[in-house]
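Trainee: Handing you this structure, nothing more for now.
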Amino acid sequence: MQLLGAGIFILLLIASSIGFILKRTVKSEKGREVIVNLNARINAWWVMIIIFFLAMATGGIGSVILFGLTSFLALREYITLTPASRADHRALFWAFFIITPLQYILIAVKWYGMAIIMIPVYAYLFVPIRNVIAGDCKDFLARSAKIQWGLMVCVYFVSYAPALLLLHIPGREGQDGKLLYFLVCVVQMSDVLQYVFGKLFGRHKIAPSVSPNKTIEGFLGGVAGAVLIGTGLYWITPFNPWQAALMALAIALMGFFGGLVMSAIKRDRGVKDYGASIPGHGGIMDRIDSLCFAAPVFFHLTRYFFT
Amino acid sequence: MIAALFAAGVRLFTGVQARWLGCEPDAAQRVYFANHTSNLDFLVLWSVLPAEARRKTRPVAASDYWRGGKLRLFLADRVFRGVLIERKKVTRSNNPMDQLVPVLQGGESLIIFPEGGRTTEPEMRPFKSGLYHLAKAVPAVDLVPVYIDNANRVLPKGEFLPIPLLCSANFGAPLRLQTDEPKDAFLTRARAAVEALAEP
Numbered sequence: 000m001q002l003l004g005a006g007i008f009i010l011l012l013i014a015s016s017i018g019f020i021l022k023r024t025v026k027s028e029k030g031r032e033v034i035v036n037l038n039a040r041i042n043a044w045w046v047m048i049i050i051f052f053l054a055m056a057t058g059g060i061g062s063v064i065l066f067g068l069t070s071f072l073a074l075r076e077y078i079t080l081t082p083a084s085r086a087d088h089r090a091l092f093w094a095f096f097i098i099t100p101l102q103y104i105l106i107a108v109k110w111y112g113m114a115i116i117m118i119p120v121y122a123y124l125f126v127p128i129r130n131v132i133a134g135d136c137k138d139f140l141a142r143s144a145k146i147q148w149g150l151m152v153c154v155y156f157v158s159y160a161p162a163l164l165l166l167h168i169p170g171r172e173g174q175d176g177k178l179l180y181f182l183v184c185v186v187q188m189s190d191v192l193q194y195v196f197g198k199l200f201g202r203h204k205i206a207p208s209v210s211p212n213k214t215i216e217g218f219l220g221g222v223a224g225a226v227l228i229g230t231g232l233y234w235i236t237p238f239n240p241w242q243a244a245l246m247a248l249a250i251a252l253m254g255f256f257g258g259l260v261m262s263a264i265k266r267d268r269g270v271k272d273y274g275a276s277i278p279g280h281g282g283i284m285d286r287i288d289s290l291c292f293a294a295p296v297f298f299h300l301t302r303y304f305f306t
Numbered sequence: 000m001i002a003a004l005f006a007a008g009v010r011l012f013t014g015v016q017a018r019w020l021g022c023e024p025d026a027a028q029r030v031y032f033a034n035h036t037s038n039l040d041f042l043v044l045w046s047v048l049p050a051e052a053r054r055k056t057r058p059v060a061a062s063d064y065w066r067g068g069k070l071r072l073f074l075a076d077r078v079f080r081g082v083l084i085e086r087k088k089v090t091r092s093n094n095p096m097d098q099l100v101p102v103l104q105g106g107e108s109l110i111i112f113p114e115g116g117r118t119t120e121p122e123m124r125p126f127k128s129g130l131y132h133l134a135k136a137v138p139a140v141d142l143v144p145v146y147i148d149n150a151n152r153v154l155p156k157g158e159f160l161p162i163p164l165l166c167s168a169n170f171g172a173p174l175r176l177q178t179d180e181p182k183d184a185f186l187t188r189a190r191a192a193v194e195a196l197a198e199p
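Listed below in structure tokens is the structure:
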């Protein structure tokens, strides 16, 4: 684990040095803009990675709290962007202050059976019930669905990341935190490498109507890089190298599509970012969109094949 | 101290983003006037002012609501030092102007909502004449238009539990009453200045 930490630390040092050099050398107006954003991103990475390692160092509870707060903030950005009627107010109050904390409490107390159905069954049914009590029928289906969707994506799917600590893999008692390192490393490195390859070699847009910055070159380079990194990290997982490679591939692909789907929502609302809370990156949701889609798939693949 | 903590709490809860589009965030004496959709409006606006400006800026609020309980009165009196005015039965003896003009003459700033009450429609109501009378009484003070977005979703009219959505406050360029400008023309111009900040 110290090895992984040291590796990430060195990677960040290299990134910061490159950012520093580029800041000195790039002169063109447009280039400078990209570099200012790049350096803001790298600085934010330092902060995010330190927070993540501190949370992981506390054992299970720190990561549950970290992802719980992340869900809360992501849901806040999502709902802010999603127009709702006044009649949704009470249902939203429940979503923020009852359902979100409850989901993470269920994970903290390791009640797998309930954590896995609370939102898809109980919260899913509760939202339209609360809305129908409020009595406003205008756009009823769309309004309820938007809240249900927000709870699923921002809360339920994100909660699969700390839920990795609930998996009991034979012969690996007390080491489940490492699966979370694996997931977060692969999904975030895939994002970073897609950005890097896209900026360096990107020529052909992959989804121009949804995400104009994503390119085929970035996609291929990012996914290939993420698979290599995932394979290289097999020793912290219960997987052998080729299993780790396939897992990393699944994570990178789901992450890519997660980014696209969440971008489509932004595009529809006419904004570029979900928020401005992480300098250079946008909002919390902009940073975790890929994790939302990758975490549940990685969890269930691991659970099905390895427990 | 309590005020600073309270302002930080409001900023955290509403994640409010202040955009100073037409003026600088400094402690100059001003009358901030804004759209009004939620009881949170003045808190949002007040909380994003720089600390020094906040200490000398007093929101104008409805007397009937803020005198309605001990906690409210404490908040209004001690925390954000509201100027509580009568809005239902205005007579010659309790004319709000008699309270507001001395505050400005004493060098402090004000936050006012010229629509006269919270709206639930997306359109702003026509402005009441208070802003005009203030501008006439203290012509040397800058009048700063502010558009507050989303506070009505955090705490809609008629609800008592807020939800933590993200708000923003856009500050525009200051106006002043021009010589011989008629009342209606001035109020229309002031309202348009707020409206123009809705989509910066």
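Heads up: the sequence lines are chains B and S, in that order.
By numbering that gives the first Met the number 0, the letter at position 134 of the first sequence is numbered 133, and the numbering carries on one by one without gaps.
By numbering that gives the first Met the number 0, the letter at position 90 of the second sequence is numbered 89, and the numbering carries on one by one without gaps.
Note that CB positions come from ideal geometry on N, CA and C, so glycine has one too.
Here the structure is a predicted model, which is why all the values come from computation and not from measurement.
Taking C-alpha atoms, which residue in B/Thr-306, B/Phe-125, B/Asn-239, B/Met-253 lies nearest to B/Gly-221?
Mentor: When only C-alpha atoms are compared, the closest one is B/Met-253.
Trainee: Round the Cβ separation of S/Val-168 and S/Val-15 to the nearest angstrom and send it over; I've been treating them as touching at under 8 Å.
Mentor: What sits at residue 168 of chain S in the sequence shown is Ala, not Val. With 8 Å as the limit, S/Ala-168 and S/Val-15 qualify as a contact, their Cβ atoms being about 6 Å apart.
Trainee: Is B/Gly-282 closer than 7 Å to B/Tyr-273 when the C-beta atoms are compared?
Mentor: It is a contact, given that the beta carbons lie within the stated cut-off.
Trainee: Please list, in chain order, the chain B residues whose beta carbon lies closer than 7 Å to that of S/Glu-158.
Mentor: What S/Glu-158 touches in chain B: His-88.
Trainee: Identify the contact partners of S/Leu-164 in chain B, using a Cβ-Cβ distance below 7 Å as the criterion.
Mentor: What S/Leu-164 touches in chain B: Arg-75, Ile-78, Thr-79.
Trainee: Between B/His-299, B/Leu-11, B/Ala-223, which has its C-alpha nearest B/Phe-156's C-alpha?
Mentor: Nearest option by C-alpha distance: B/His-299.
Trainee: Residues in the stretch 257 to 279 of chain B with C-beta within 9 Å of chain S's C-beta atoms, listed in sequence order?
Mentor: Residues passing the 9 Å Cβ filter: Gly-274, Ala-275, Ser-276.
Trainee: Count the other CB atoms, across all protein chains shown, that sit within 10 Å of the CB of S/Val-9; report buried if there are 16 or more and exposed otherwise.
Mentor: Buried is the call here.
Trainee: Within 10 Å of its beta-carbon, does B/His-167 have 16 or more other beta-carbons around it, so buried, or fewer, so exposed?
Mentor: The residue in question, B/His-167, is exposed, as its Cβ has fewer than 16 Cβ neighbours within 10 Å.
Trainee: Closer than 6 Å: is that where the CB of B/Gly-281 sits relative to any heavy atom of the ligand COA?
Mentor: Although the ligand COA was asked about, the structure shown includes no ligands whatsoever.
Trainee: Using a threshold of 7 Å, state whether the C-beta atoms of S/Val-59 and S/Leu-103 are closer than that.
Mentor: Not in contact: S/Val-59 and S/Leu-103 (Cβ atoms no closer than 7 Å).
Trainee: Could you pull the start and end residues of the alpha helix (DSSP H) that B/Leu-290 belongs to?
Mentor: Per DSSP, B/Leu-290 belongs to the alpha helix (DSSP H) from 283 to 305.
Trainee: Helix or strand or just coil, what does DSSP make of B/Phe-92?
Mentor: Looking at B/Phe-92 - three-state DSSP - the assignment turns out to be helix.
Trainee: Give me, in chain order, the residues of the same chain whose beta-carbon lies closer than 7 Å to that of B/Arg-75; leave out the 5 immediate sequence neighbours on both sides.
Mentor: So the list is empty, once near-sequence residues are dropped.
Trainee: Look at the alpha carbon of B/Leu-2 and the alpha carbon of B/Val-183, and state the distance between them as a whole number of angstroms.
Mentor: B/Leu-2 and B/Val-183: Cα-Cα distance of roughly 16 Å.
Trainee: Report all residues from its chain with a CB closer than 8 Å to the CB of B/Phe-52; omit the five preceding and five following residues, and keep chain order.
Mentor: The residues are Gly-4.
Trainee: With a CB to CB cut of under 6 Å and the five nearest residues on each side skipped, what residues in its chain are close to B/Val-126?
Mentor: Closer than 6 Å at the Cβ level, and outside the excluded window around B/Val-126, lie Ala-90, Ser-143, Ile-146, Gln-147.
Trainee: Please state whether the Cβ-Cβ distance between B/Ala-225 and B/Ala-251 is less than 7 Å.
Mentor: Against a cut-off of 7 Å, the Cβ pair of B/Ala-251 and B/Ala-225 comes out as a contact.
Trainee: Let me see if you follow: with CB-CB separation under 7 Å, is B/Phe-95 close to chain S or not?
Mentor: Closer than 7 Å: yes.
Trainee: Please state the DSSP three-state secondary structure of B/Asn-79.
Mentor: The residue asked about is misnamed: residue 79 of chain B is Thr in this sequence, not Asn. It is helical.
Trainee: For B/Arg-23, which residues in chain S fall below 9 Å Cβ to Cβ?
Mentor: Simply none; closest approach about 31 Å.
Trainee: Is it buried or exposed, B/Trp-241, if we count other Cβ atoms within 10 angstroms and call 16 or more buried?
Mentor: By the neighbour-count rule (16 or more Cβ atoms within 10 Å), B/Trp-241 is not buried but exposed.
Trainee: Any C-beta of chain S sitting closer than 7 Å to the C-beta of B/Phe-66?
Mentor: No, its Cβ sits nowhere closer than 7 Å to a Cβ of chain S.
Trainee: Taking 7 Å as the CB-CB limit, is B/Leu-91 close to chain S?
Mentor: With 7 Å as the cut-off, B/Leu-91 counts as an interface residue toward chain S.
Trainee: Closer than 7 Å by beta-carbon distance: list the chain B residues that pair up with S/Asn-93, in chain order.
Mentor: Within chain B, no residue comes near S/Asn-93; the closest Cβ sits about 33 Å away, beyond 7 Å.
Trainee: Might you give, ordered along the chain, the residues of its own chain that have their beta carbon closer than 7 Å to the beta carbon of S/Lys-182, omitting 5 neighbours on each side?
Mentor: Closer than 7 Å at Cβ, skipping near neighbours: Ser-128, Tyr-131.
Trainee: Contact check, S/Arg-77 vs S/Ile-1 under 8 Å by CB: the rounded distance?
Mentor: Contact flag correct, Cβ pair sits at about 7 Å.
Trainee: Taking Cβ positions only, does B/Arg-85 come closer than 7 Å to chain S?
Mentor: Answer yes: the Cβ-Cβ gap between B/Arg-85 and chain S drops below 7 Å somewhere.
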